[in-house]
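Have a look at the structure below before the remarks.
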Amino acid sequence: TVLASEVQVGAPGEGIPEEEAQDREEEEIRFALTSEAGLNDGLAFPFTNMAVVMAIAGSDPANWLGAWLLVDVGYKLSVGMLLGIATGAILARIVIALPAHSPLEKSMIGLGSLFATLLIYGITEFAGGYGFIAVFVGGLVIRAYERHHDYHKTMHVFSEAIERVMTAIIVVAFGAALSAGLLAPLTWPLVLCALLVILVVRPLCGAVALIGCRMSWHERLTVSFFGIRGIGSFYYLAYALNRREFPAADELWALVALVVVISIFVHGILATPALRYVEKLRGRGQAP
Numbered sequence: 002t003v004l005a006s007e008v009q010v011g012a013p014g015e016g017i018p019e020e021e022a023q024d025r026e027e028e029e030i031r032f033a034l035t036s037e038a039g040l041n042d043g044l045a046f047p048f049t050n051m052a053v054v055m056a057i058a059g060s061d062p063a064n065w066l067g068a069w070l071l072v073d074v075g076y077k078l079s080v081g082m083l084l085g086i087a088t089g090a091i092l093a094r095i096v097i098a099l100p101a102h103s104p105l106e107k108s109m110i111g112l113g114s115l116f117a118t119l120l121i122y123g124i125t126e127f128a129g130g131y132g133f134i135a136v137f138v139g140g141l142v143i144r145a146y147e148r149h150h151d152y153h154k155t156m157h158v159f160s161e162a163i164e165r166v167m168t169a170i171i172v173v174a175f176g177a178a179l180s181a182g183l184l185a186p187l188t189w190p191l192v193l194c195a196l197l198v199i200l201v202v203r204p205l206c207g208a209v210a211l212i213g214c215r216m217s218w219h220e221r222l223t224v225s226f227f228g229i230r231g232i233g234s235f236y237y238l239a240y241a242l243n244r245r246e247f248p249a250a251d252e253l254w255a256l257v258a259l260v261v262v263i264s265i266f267v268h269g270i271l272a273t274p275a276l277r278y279v280e281k282l283r284g285r286g287q288a289p
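Residue numbers 2 to 289, in my numbering, belong to the letters of the sequence shown in order.
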């Protein structure tokens with residue numbers, strides 16, 4: 002998530018007393034963004050499968066709607082949530098119970114969190130559920146277990162380091178693909194579609210999803226506008242194209258790539274000023 006990376010909060014439990022309230026508010030914004038990203042990635046899978054099923058069975062809902070609702074929505078989502086809760090609760094008790102006094106032991110906790118992620122994902126996919134959903138739910142369960150334990154601070158530092166390394170690798174690979182002509186099939190209608198996704202569809206969907214959330218309207222606008230970087234879209238597109246041939250596959254790759262490029266530049270440039278503006282409004286007492 003773009004804005005989440007700009008919200009530089011300390012690890013859980015850090016901060017002097019006069020800064021704790023502000024740190025908690027910033028952490029809530031960051032957690033909302035990262036949680037939204039994880040949940041969004043997981044909930045995209047049923048609709049990716051719907052596109053594949055429609056390509057195979059035709060656009061008539063009578064040919065696929067019942068099976069899609071039963072399997073891709075009902076069964077796989079339920080398995081993902083249930084296994085996420087179960088494995089998250091078990092792993093939280095195992096990992097947090099491990100001793101973590103020396104630097105070596107603390108580093109093993111970080112590796113343990115990575116192992117937990119892969120284990121939850123693998124078990125859920127083996128059972129036919131959505132691994133992304135299970136990892137998201139399992140992460141929430143682990144985070145809620147003994148919230149003030151030192152484990153969470155260690156995991157916070159390790160996760161940030163892994164995130165930065167993986168982001169660098171992905172961006173370098175993406176840049177290489179762009180230089181190889183990934184955007185060559187673009188047309189002006191595709192450019193317009195990408196702009197609509199960034200400037201209209203994403204903010205509108207985000208604003209609707211945050212109705213009833215305990216945030217000021219400034220924070221809602223900020224969270225709803227930011228968040229697209231779209232790297233997960235490459236995974237879903239590759240998954241769909243591997244399942245079924247779609248016409249204009251090159252154009253689809255180019256469209257997704259353009260959305261990511263626009264997001265990196267627009268959201269990357271605006272994230273810090275937007276956060277500072279929200280902080281200024283909060284300081285004036287305009288944002289609760």
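The beta carbon of each residue, even a glycine, is placed where N, CA and C say it ideally should be.
CA-to-CA distance, residue j to residue i, given in whole angstroms
i    : j    : result
L183 : L193 : 17 Å
F235 : R277 : 31 Å
A45  : L238 : 11 Å
L191 : T223 : 26 Å
R203 : L179 : 24 Å
A250 : N243 : 11 Å
H219 : V201 : 17 Å
Y122 : I265 : 28 Å
L78  : L282 : 39 Å
A275 : V166 : 25 Å
C214 : I134 : 21 Å
A272 : I199 : 14 Å
F127 : Y76  : 13 Å
A185 : A177 : 14 Å
E161 : L40  : 19 Å
T125 : S217 : 37 Å
I163 : F175 : 18 Å
G132 : G43  : 8 Å
D61  : V261 : 32 Å
W189 : A169 : 30 Å
V80  : A63  : 25 Å
A181 : H268 : 24 Å
S6   : F227 : At S6 the pLDDT is 47, less than 50, meaning the model places this residue with poor confidence; the figure from the coordinates comes in the next sentence. For S6 and F227, the distance between alpha carbons rounds to 11 Å.
R144 : V209 : 26 Å
7 Å Cβ shell around residue i - same chain, five flanking residues per side excluded
i    : result
A52  : A241
A56  : R245, F247
I171 : I232
I49  : Note that residue 49 corresponds to Thr in the displayed sequence, not to Ile. Correct list, in chain order: Y237, Y240, A241.
V257 : G231, S234, F235, L238
E252 : P186, L191
Residue i and residue j closer than 7 Å at C-beta
i    : j    : result
A195 : I270 : no
V136 : M82  : no
W69  : A58  : no
V72  : P47  : no
V142 : I86  : yes
L187 : A90  : no
G140 : L84  : no
L205 : R221 : no
Secondary structure of residue i, DSSP reduced to three states
i    : result
P248 : coil
W65  : coil
S180 : helix
M82  : helix
L259 : helix
C214 : coil
P190 : helix
G269 : helix
G75  : helix
A185 : coil
Y237 : helix
F46  : helix
G129 : coil
S160 : helix
S60  : coil
Y146 : coil
F227 : coil
Contacting residues, own chain, Cβ-Cβ under 6 Å from residue i (five flanking each side not counted)
i    : result
A117 : L92
G207 : S225
G113 : V96
E280 : none
Same chain, Cβ closer than 8 Å to residue i, five either side skipped, listed in chain order
i    : result
L120 : T88, L92
L259 : L184, L187, L191, V192, A195
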